[in-house]
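Student: Sending over a structure as structure tokens; questions will come in a sec.
2 protein chains.
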Amino acid sequence: MTAIHTARDPRFPALGVAVDVVVFTVRDGQLEVLLTRRPDEEPFPGAWSLPGGFVRPDESADDAAARELAEKAGVEDVFLEQLYTFSAPDRDPRSRVVAVAYYALVSADKAALGARADGRTRAPQWFRVQAESEEHAQAFLPGQPPVTLAFDHDEILRTAVQRIRGKLEYVPIGFQLLPPHFTLTELQSVYEAVLGHPVDKRNFRSKIQKSGLVRESDAVKKGPHRPAKLFEFTQRTF
Amino acid sequence: MTAIHTARDPRFPALGVAVDVVVFTVRDGQLEVLLTRRPDEEPFPGAWSLPGGFVRPDESADDAAARELAEKAGVEDVFLEQLYTFSAPDRDPRSRVVAVAYYALVSADKAALGARADGRTRAPQWFRVQAESEEHAQAFLPGQPPVTLAFDHDEILRTAVQRIRGKLEYVPIGFQLLPPHFTLTELQSVYEAVLGHPVDKRNFRSKIQKSGLVRESDAVKKGPHRPAKLFEFTQRTF
DNA sequence: CCAAAAGTGTTGCAGTTACACCCATGA
DNA sequence: TCATGGGTGTAACTGCAACACTTTTGG
Chain V
12 MTAIHTARDP RFPALGVAVD VVVFTVRDGQ LEVLLTRRPD EEPFPGAWSL
62 PGGFVRPDES ADDAAARELA EKAGVEDVFL EQLYTFSAPD RDPRSRVVAV
112 AYYALVSADK AALGARADGR TRAPQWFRVQ AESEEHAQAF LPGQPPVTLA
162 FDHDEILRTA VQRIRGKLEY VPIGFQLLPP HFTLTELQSV YEAVLGHPVD
212 KRNFRSKIQK SGLVRESDAV KKGPHRPAKL FEFTQRTF
Chain H
12 MTAIHTARDP RFPALGVAVD VVVFTVRDGQ LEVLLTRRPD EEPFPGAWSL
62 PGGFVRPDES ADDAAARELA EKAGVEDVFL EQLYTFSAPD RDPRSRVVAV
112 AYYALVSADK AALGARADGR TRAPQWFRVQ AESEEHAQAF LPGQPPVTLA
162 FDHDEILRTA VQRIRGKLEY VPIGFQLLPP HFTLTELQSV YEAVLGHPVD
212 KRNFRSKIQK SGLVRESDAV KKGPHRPAKL FEFTQRTF
């Protein structure tokens, strides 16, 4: 900790730049977020926090976020977008760290592969997101009270939930949370999980079909009931 | 330049955090942006650039942006919002600098007070913004070709123009660009300048009046024609 | 034949667009 | 009286919300 107080170029005060990634998935109709456990050291020993880490000298923040996502969640080539930069001088009690926050959308099938442990942090874990109002968002495990996240990560999570809700209305990000083939009911379930409220089935289906964003495939999903047509995106990126 | 390579905490590589502020105003129906001239030293000697500077150890990026705005544009208490963080490793050829970009909206009456010079940089100057398509935005002086900005500031400017256009549609930021009392024609002119295209007078007026965001005052603006009613915002903040 | 989920249309309302003329004033 | 910008209403259209029953399958 003393090293950072050595004499240096005054334009570069002792200050770190980190990325934190809010990784979302939807599983069983529930919005979930990936959290990692902090080591048993100050600050916030053992607390849950968003996966993140310092930006390396030769990489952009975007690169760093993608790297963290690969390391902590084990996923690549997913939707990843910058959220906001958090820079309160005391947001990290040890030293000055500016956090460039990102959010990622991962389909449930990819999410299952991820969540690997490394040496310092224990295995990351998926938490459900509870966000009844616009101003609150909390992570919790079923049957347990919500957890309080380290640093300002509760605020980052809240900001991320607001962002995806707003964005879902006019950008087709819902597709990012599904495998290549999906039923319209599954797509609707994703929308409901993100928005936090039910949507009308007939209106939803007609809107989606009119949008031209999905194409009917010839496969069906079977079950102990009427089979559902499987759809696919007409374009993978937007 | 060597100082930043001294041994130090590895979590804090030699890396600076700066803020750049895209200060907009609307004057004579034209969207304008404030630019400062770089000193005659590398990199980009004498080039025009967005006002900005390094974040100090004890201030947040928000604070730094507000400070830059006060120092370079001479304005305080204006609309100022974070835009995006630019972090390509080579965006500053000298050394690693991450830029947290902001955009500000200043009314033309306040803008006239600002634009002061300091020792290193010459007096900042207002440039018009040309942005016919969504993908291009350039600064220019009347009768002159567009200027190429230093660093990645052309990209930042373009991002800022996209942002205010998108935001204007659903957030009443147009008011930030006007003095406390204004005519509906002036407000319409601000919208047209930001959006870059004309809007229908009758539809605009009925939408604004229905919104409840403005209140008719009892003053009028005179001229060599029929006097126009002056309006005021019903709320100063949103 | 029963349970479970899939699938399907219409109507009313609200918001948006397109559009042209008269009004009040100062010079 | 003329030039200048201020001010006003309506009709067609489009998108969104509300709403309930029939179909297909496996067990």
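Order-wise, the sequence lines are chains V and H. Here the first sequence stands for residues 12 to 249, numbered as in the numbering used here. Here the second sequence stands for residues 12 to 249, numbered as in the numbering used here. C-beta atoms are modelled at their ideal positions from N, C-alpha and C, and glycine is treated no differently.
Let me know the secondary structure DSSP gives V205 of chain V once reduced to three states.
Tutor: By one-based count along the first sequence, residue 205 of chain V stands at place 194. It is helical.
Student: Could you check the C-alpha separation between P191 of chain H and D211 of chain H for me, to the nearest Å?
Tutor: The residue given as residue 191 of chain H occupies position 180 in the second sequence. The residue given as residue 211 of chain H occupies position 200 in the second sequence. The alpha-carbon separation between P191 of chain H and D211 of chain H amounts to approximately 24 Å.
Student: On the DSSP bridge assignment, give the partners of V225 of chain V in chain order.
Tutor: The residue you call residue 225 of chain V lines up with position 214 of the first sequence. In DSSP, V225 of chain V forms a bridge with V:F244.
Student: Is it right to say R107 of chain H is buried, meaning 16 or more other beta carbons lie within 10 angstroms of its own, or is it exposed?
Tutor: Taking the second sequence and counting its residues from 1, the one referred to as residue 107 of chain H is at position 96. Label assigned to R107 of chain H: buried.
Student: Hey, out of H:G27, H:L94, H:V66, H:E70, whose CA is closest to T170 of chain H's CA?
Tutor: Against the second sequence, residue 170 of chain H aligns to sequence position 159. Closest by alpha carbon: H:L94.
Student: Alpha carbon to alpha carbon, what distance is there between R67 of chain H and L80 of chain H?
Tutor: For the purposes of this step, residue 80 of chain H is taken as residue 69 along the second sequence, with counting starting at 1. For the purposes of this step, residue 67 of chain H is taken as residue 56 along the second sequence, with counting starting at 1. Computed Cα separation, rounded: 15 Å.
Student: Is any beta-carbon of chain H found at less than 8 Å from that of V231 of chain V?
Tutor: Here residue 231 of chain V refers to the residue found at position 220 when the first sequence is read from its first residue. Not one chain H Cβ lies under 8 Å of V231 of chain V.
Student: Can you list the residues of chain H that D69 of chain V reaches, using a CB-CB cut of under 8 Å?
Tutor: Here residue 69 of chain V refers to the residue found at position 58 when the first sequence is read from its first residue. Ordered by position in chain H, the residues that pass the 8 Å Cβ test against D69 of chain V are P100.
Student: Are L45 of chain H and P62 of chain H closer than 8 Å when you measure CB to CB?
Tutor: To locate residue 45 of chain H, count along the second sequence from 1; it is residue 34. To locate residue 62 of chain H, count along the second sequence from 1; it is residue 51. Yes, they are a contact pair.
Student: Taking its Cβ as the centre, do 16 or more other Cβ atoms sit within 10 Å of S60 of chain H, making it buried, or is it exposed?
Tutor: Locating residue 60 of chain H in the second sequence gives position 49, where the first residue counts as 1. Buried: at least 16 other Cβ atoms inside 10 Å.
Student: Rounded to a whole number of angstroms, what is the C-alpha to C-alpha distance between R216 of chain H and A148 of chain H?
Tutor: Here residue 216 of chain H is taken as the residue at index 205 of the second sequence, counted from 1. Here residue 148 of chain H is taken as the residue at index 137 of the second sequence, counted from 1. Their Cα atoms are separated by approximately 28 Å.
Student: Could you round the C-beta distance between S98 of chain V and V86 of chain V to whole angstroms and report it? I think they count as a contact, below 8 Å.
Tutor: Residue numbering aside, residue 98 of chain V sits at position 87 when the first sequence is read from its first letter. Residue numbering aside, residue 86 of chain V sits at position 75 when the first sequence is read from its first letter. Contact flag wrong, Cβ pair sits at about 28 Å.
Student: For Y95 of chain H, does the three-state DSSP call read helix, strand or coil?
Tutor: Here residue 95 of chain H corresponds to residue number 84 of the second sequence, with the count starting at 1. In this structure, Y95 of chain H counts as strand in the three-state DSSP scheme.
Student: According to a CB-to-CB cut-off of less than 9 Å, which residues of the region 77-95 of chain H neighbour chain V?
Tutor: Within the region 77-95 of chain H, the qualifying residues are Q93, Y95.
Student: Would you say R169 of chain H faces chain V, with C-beta separation under 8 Å as the test?
Tutor: For the purposes of this step, residue 169 of chain H is identified with residue 158 of the second sequence, where counting begins at 1. Taking Cβ atoms only, chain V never reaches closer than 8 Å to R169 of chain H, which makes this a no.
Student: Out of curiosity, what's the CA-to-CA distance linking F151 of chain H and D165 of chain H?
Tutor: In the second sequence, counting from the first residue as 1, residue 151 of chain H sits at position 140. In the second sequence, counting from the first residue as 1, residue 165 of chain H sits at position 154. If I take the Cα positions, the gap works out to 12 Å.
Student: Let me see if you follow: with CB-CB separation under 8 Å, is A25 of chain H close to chain V or not?
Tutor: Locating residue 25 of chain H in the second sequence gives position 14, counting from the first residue. Yes, A25 of chain H counts as interfacial toward chain V.
Student: Determine the DSSP secondary structure at E53 of chain V, reduced to helix, strand or coil.
Tutor: Taking the first sequence and counting its residues from 1, one reaches residue 53 of chain V at position 42. Three-state DSSP puts E53 of chain V in coil, outside helix and strand.
Student: For T245 of chain V and V225 of chain V, I'd like the C-alpha separation in whole angstroms.
Tutor: Position 234 of the first sequence, counted from the first residue, corresponds to residue 245 of chain V. Position 214 of the first sequence, counted from the first residue, corresponds to residue 225 of chain V. Between T245 of chain V and V225 of chain V, the C-alpha separation is close to 5 Å.
Student: Does the separation of the CB atoms of L168 of chain H and Y202 of chain H fall below 8 Å?
Tutor: Counting from one through the second sequence, the residue named residue 168 of chain H turns up at place 157. Counting from one through the second sequence, the residue named residue 202 of chain H turns up at place 191. It is not a contact, given that the beta carbons lie outside the stated cut-off.
Student: Got a sec? Which residues, its chain only, sit under 6 Å from D88 of chain V by beta carbon, not counting five neighbours each side?
Tutor: In the first sequence, residue 88 of chain V corresponds to position 77, counting from 1. If you ignore the 5 residues before and after D88 of chain V, its C-beta comes within less than 6 Å of no other C-beta in its own chain.
Student: On a CA-only basis, which of V:V34, V:A142, V:P157, V:P156 is nearest A204 of chain V? Give me that one, please.
Tutor: Mapped onto the first sequence, residue 204 of chain V falls at position 193. For A204 of chain V, the nearest C-alpha among the options comes from V:A142.
Student: With DSSP as the reference, please indicate the residues paired to T36 of chain H in a beta bridge.
Tutor: As a first step, residue 36 of chain H must be located in the second sequence, where it is residue number 25. Beta-bridge pairing links T36 of chain H to H:E43.
Student: Hey, quick one: how far does the beta strand (DSSP E) through A115 of chain V stretch, first residue to last?
Tutor: Residue numbering aside, residue 115 of chain V sits at position 104 when the first sequence is read from its first letter. Looking at the DSSP string, the run of the beta strand (DSSP E) that includes A115 of chain V is 108-116.
Student: How close, in whole Å, do the beta carbons of F138 of chain V and A115 of chain V come, if the pair is a contact with beta carbons under 8 Å?
Tutor: The residue labelled residue 138 of chain V in the question sits at position 127 within the first sequence. The residue labelled residue 115 of chain V in the question sits at position 104 within the first sequence. About 15 Å; that fails the 8 Å criterion.
Student: What are the start and end residues of each continuous alpha helix (DSSP H) run of 4 or more residues lying completely inside the region 164-200 of chain H, in chain order?
Tutor: 164-179
Student: Can you tell me which residues form a DSSP beta bridge with K232 of chain H?
Tutor: The residue given as residue 232 of chain H occupies position 221 in the second sequence. According to DSSP, K232 of chain H bridges with H:A239.
Student: Can you list the residues of chain V that V109 of chain H reaches, using a CB-CB cut of under 8 Å?
Tutor: Numbered from its first residue, the second sequence carries residue 109 of chain H at position 98. In chain order: V28, V66, A72, V109, V111.
Student: In the DSSP assignment, the beta strand (DSSP E) including R139 of chain V goes from what residue to what residue?
Tutor: For the purposes of this step, residue 139 of chain V is taken as residue 128 along the first sequence, with counting starting at 1. Going by DSSP, R139 of chain V is part of the beta strand (DSSP E) stretching over 136-141.
Student: Excluding the five sequence neighbours on either side, which residues of its own chain have a C-beta within less than 6 Å of the C-beta of T13 of chain H, listed in chain order?
Tutor: Locating residue 13 of chain H in the second sequence gives position 2, where the first residue counts as 1. Reliability of the predicted coordinates at T13 of chain H is poor, the pLDDT of 34 falling under 50, and no value is obtained from them.
Student: Looking at the structure shown, is A150 of chain H part of a helix, part of a strand, or coil, going by DSSP?
Tutor: If you number the second sequence from 1, residue 150 of chain H lands on position 139. In the structure shown, A150 of chain H sits in a strand (DSSP, three-state: E or B).
Student: Going along the chain, which residues of its own chain have a beta-carbon closer than 6 Å to the beta-carbon of K221 of chain H, five neighbours each way excluded?
Tutor: Counting from 1 along the second sequence, the entry for residue 221 of chain H is found at position 210. Within the same chain, K221 of chain H has no close Cβ partners at all.
Student: Taking the alpha-carbon of R48 of chain H as reference, which of H:Q136, H:L26, H:E243 has the nearest alpha-carbon?
Tutor: By 1-based counting over the second sequence, the position of residue 48 of chain H is 37. The shortest C-alpha separation from R48 of chain H is found at H:Q136.
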